[in-house]
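Okay, so here's the structure we're looking at.
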Amino acid sequence: MKFPTSLLSLTRFLLLLLLPFFSSAWLDVSVATNTQPQYHDLLHCLCSQEDAICNLIYTAQNSTAYASVLQFSIRNPRFSNNNASSSSSRTKPIAIVTPTTIPQVQSTVLCSRKHGLHLRVRSGGHDFEGASYASLSSPFLLLDLVNLRNVTVDVPSKSAWAQSGAVLAEVYHSIASASRTLAFPAGLCPTVGLGGHISGGGYGTTLRKFGMAADNIRDALLVDADGRVLDRAAMGEGVFWAIRGGGGNTYGIVVSWKLKLVRVPLRLSAFTVSRTASSDAEMTKLVDRYQRVTDKLPDDLMILVMIGAVDQGNSTKQVMYLGGKERLLRVMNESFPELGLKEEDCKEMSWIESVLHFANYPSNSTYDVLLKSRTDSPISFAKLKAKSDYVGTPLPESALQGIWSRVHQVEAGAALLHLIPHGGMMSRISDSSTPYPYRAGTVYKIQYYVAWSGEQKEVEERHLGWIRKLHEFLTPFVSKNPRGAYANSRDLDLGMNDPTGETSYEQARVWGEQYFKHNFERLARVKAAIDPSNFFRNEQSVPPLSM
Ligand code: FDA
């Protein structure tokens, strides 16, 4: 990946961050030995079920398709290539099961539990630390929901049932096919899977108007550790609360979600404007103004800032306004004149066209391209490390200057900072309404990304070192006690469960309270009620707290 040196390069940089890796069919499969009796017993158990799933099981030994099935939904190539880096040494699944029915999911859970084999579930495979398909601990079976992606929209009730294996593009396509004025408030990246996304919160361009994806769920179907299928009434309000943002692979496998659809206008304004500052001081002025107004703008307006690594401070602002451009221009000129927004910057379109715009599809694309997003998408991936922070008080000038100087460092490579505004509806939802606690008082969230190519361990360490130092530098300026982090931006630097699965509640609080604040304790109690044996777990799943 080249270091961008101009505004044009910046735009290209954004696309490069998402380069396709489908071409790399070759895969390092550091599979745990599967000569263990538990492995054969497991296959026997699965194949002897009434609803036989023998044909949907892939192992490195018996299937040439194993590598391509595993690779298909790996969205951070850091955990797939045979390189010398530390990341590639994680354990891959001993087998992959791709159920086509819910009873097959139940059978997989029961067989896996019966034979003492750890289980992980994958929907879209966007976990930043690869937790859905690469483990730092025990051998495991991967339950891949790639075949469970049906979406049924009911316009009169403004709702949809969507299976977890659907990616956002498929959900958005189904909704747009049924209605041009209904939408679902979820993420910008079309290939993100519904299962992991809602399990960790899920924000997108209408966050300030409608809240997060997890705030807009009416019901769900969960397969628990006993293989039961539970709807909202059967699982109870505690579990229903926990699965909406309290972390994936923890309470069970959510196979389906009932989405609450929201009303959007036929035409809205959605566009991207780029600004190249002539100096760091000018950049500071622009971002300083942004952070003083962004959470106070009308709920209909969301300005997501992307700051790229260039020789002069550059930023791109993605603007989504649920209304026409005349009013938008009035609002912007009053609140944020420093941006210098002009009428020609503002583009009007439908909600589904805005989905295509923010996903970087060519402007003449029809929304049917969304159906090909898994294999033919403008969104693609480089090796990536992400971190997050929450800002409650605008960063002082010294902090902004410190960011610019670090972004200019060679070690930054292809680095990017996203500023995601809160306020609006986000500040009216209580901080314990779902596990996501960053509501009133949060001005914006920072997402830090560093991306790189290259196989050498030193290259990876250089970029990891850079993002860790930037995060450390910002410590005095961001949320504290605990310092906040976004559960969907998984960051194993914050702490990890013991590989044996025996992590104590006290140990897990270190990172758990960063993601969930005061909600962490309730999540641990819900976990104790629904999965006391900690069958569903990963490096950062919530451990059970009994009493
Ligand atoms: P994946 O399949 O890797 O699952 C993530 C976690 O959830 C894993 O622990 C997994 O085991 C668990 N899980 C998956 N399916 C489950 C199920 N059915 N039941 C229970 N647990 C399950 N976020 C955001 O809020 N807004 C955005 O715009 C974006 N954009 C974005 C772009 C790109 C390129 C990336 C890589 C990531 C994002 N994200 C994001 C973050 C994204 O929301 C987060 O990584 C999600 O957890 C991904 O969900 P997937 O199903 O794709 O991942």
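Read in order, the letters of the sequence shown are residues -25 to -1, 1 to 522 in mature numbering (1 follows the signal peptide of the UniProt record, and there is no 0). Ideal Cβ positions, reconstructed from N, Cα and C, are used throughout, including at glycine.
Taking 6 angstroms as the cut-off, does the CB of G220 come closer than this to any heavy atom belonging to ligand 1?
-> no
Where the alpha helix (DSSP H) through R183 begins and ends | L182 to F185
Name, in chain order, the residues that DSSP records as bridge partners for K362.
-> Y423
Cut-off 8 angstroms between Cβ atoms - residues of its own chain near I404, not counting five sequence neighbours on either side | G186, D190 and R414
Closer than 7 angstroms by C-beta to D320: which residues in its own chain qualify, once you throw out the five before and the five after it? Chain order, please.
-> F246 and V248
Should N463 be counted as a contact of ligand 1 given a C-beta to heavy atom distance under 6 angstroms?
-> yes
Should G315 be labelled buried (16 or more other beta-carbon atoms within 10 Å of its own) or exposed?
-> exposed
Taking the Cβ atom as the reference point for each residue, do I278 and V294 lie within a distance shorter than 7 angstroms?
-> yes
In angstroms, rounded to a whole number, what distance separates the CA positions of L234 and A151?
-> 14 angstroms
Spell out the partners DSSP gives S134 in its beta bridges.
-> D129 and K235
From which residue to which residue does the beta strand (DSSP E) around S249 run?
-> L243 to T251
Identity of the residue in L276, A195, I327 and T251 nearest A158 by Cα | I327
Where H393 sits in the DSSP three-state scheme = strand
Range of the contiguous alpha helix (DSSP H) that encloses H172 | L169 to G175
Going by the C-beta, is D190 closer than 6 angstroms to any heavy atom of ligand 1?
-> no
If you check the beta carbons only, do N509 and G476 fall under 7 angstroms apart?
-> yes
What is the rounded straight-line gap between the Cα of V385 and the Cα of S329?
-> 34 angstroms
Rounded to a whole number of angstroms, what is the C-alpha to C-alpha distance between L163 and T478?
-> 34 angstroms
Classify R264 as helix, strand or coil using the three-state DSSP reduction.
-> helix
Counted within 10 angstroms of its Cβ, other Cβ atoms place L18 as buried (16 or more) or exposed | buried
Quick one: what does DSSP say residue 525 is sitting in, helix, strand or coil?
-> It is not possible to answer for residue 525, since the shown part of the chain is limited to -25 through 522.
Are the Cβ atoms of S244 and G367 separated by less than 7 angstroms?
-> no
Cβ separation of K502 and P519, assumed to be a contact under 8 angstroms, to the nearest whole Å | 5 angstroms
Buried/exposed call for V268, threshold 16 Cβ in 10 Å = buried
Reducing DSSP to helix, strand and coil, say where V229 ends up.
-> strand
Which of helix, strand or coil does DSSP assign to F(-5)?
-> Its pLDDT being 22, under 50, F(-5) is placed unreliably in this model, and the value from its coordinates should be taken loosely. In the structure shown, F(-5) sits in coil (DSSP, three-state: anything other than H, G, I, E or B).
Contact under 7 angstroms by Cβ, L120 with G140 = yes
Where the beta strand (DSSP E) containing H93 begins and where it ends = H93 to R97
Given that a residue counts as buried once 16 or more other Cβ atoms are within 10 Å of its Cβ, and exposed if not, what is P410?
-> buried
Drop a sphere of 10 angstroms on the beta-carbon of R238, count the other beta-carbons inside from all chains shown, and report buried for 16 or more, exposed for fewer.
-> exposed
Rounded to whole angstroms, what's the CA-CA distance from A504 to S521? Just pull it up for me.
-> 8 angstroms
Hey, would you say the C-beta of G487 is under 6 angstroms away from at least one heavy atom of ligand 1?
-> no
Span of the beta strand (DSSP E) holding M277?
-> L276 to G283
Which residues bound the beta strand (DSSP E) around A195?
-> I192 to V198
Integer Cβ distance of F511 from T225, believed to fall under 8 angstroms = 5 angstroms
By Cβ distance below 6 angstroms, which residues in the same chain neighbour N58 in space, the five residues on each side in sequence not counted?
-> Only weak support is given to the placement of N58: the predicted model assigns it a pLDDT of 49, under 50, and the question is left unresolved by the model.
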